[in-house]
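One rule links them: number in the numbering used here = place in the sequence shown (from 1) + 2.
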Amino acid sequence: MDETLKIWESLHKNGYYEGITLAEEIRQSWARSRSFGADPYKPRCDVVLSAAELQERKKNNSALLEQATVMMKYLDQFMRDTNFVFFLEDSENYIIST
């Protein structure tokens with residue numbers, strides 16, 4: 003098993019892994035996600051927005067998109083060669099930017 007996946011699974015299950023303790027904020031975030039039915043093992047989402055729906059959500063979140071895009075581009079410079087993925091969700095958890 004990939005070492006990163008092993009660590010991630012231990013953190014999800016136990017909240018720690020060999021000296022790594024999960025921050026309470028992250029633990030709470032993961033718990034909220036589970037309570038909303040998010041499944042971190044699910045390969046894809048059941049709901050796909052139409053192009054018009056996505057544009058409407060982007061329009062309604064234009065200020066957030068403007069600020070977050072700057073930060074996401076900055077982070078991408080440092081994380082480009084890793085397996086990390088950045089995406090931005092609106093308040094209803096629809097992905098509006100990657």
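Think of the CB as a built atom: it goes at the ideal place given N, C-alpha and C, for glycine as much as any other residue.
Roughly how many whole angstroms lie between the Cα atoms of residue i and residue j?
i	j	result
A40	L90	16 angstroms
N95	E20	32 angstroms
N62	S37	26 angstroms
H14	L66	29 angstroms
T23	A54	42 angstroms
G17	E68	34 angstroms
D48	E5	29 angstroms
F86	P45	16 angstroms
V56	D92	Looking at the sequence shown, residue 56 is not Val but Leu. About 10 angstroms.
E11	Y43	10 angstroms
E27	L7	21 angstroms
R82	F88	10 angstroms
M73	W32	23 angstroms
S64	T100	15 angstroms
Q30	A70	22 angstroms
With burial defined as no fewer than 16 other Cβ atoms inside 10 Å of the residue's Cβ, what is the status of residue i: buried or exposed?
i	result
I9	exposed
I98	buried
R34	exposed
R59	buried
Specify, as a first and last residue, the run of the beta strand (DSSP E) that residue i falls within.
i	result
S99	I97 to S99
The alpha helix (DSSP H) with residue i in it runs from where to where?
i	result
D78	S64 to M81
(message) Which runs of the beta strand (DSSP E) at least 3 residues long sit entirely within the stretch 4 to 35? Give them in chain order.
(response) none
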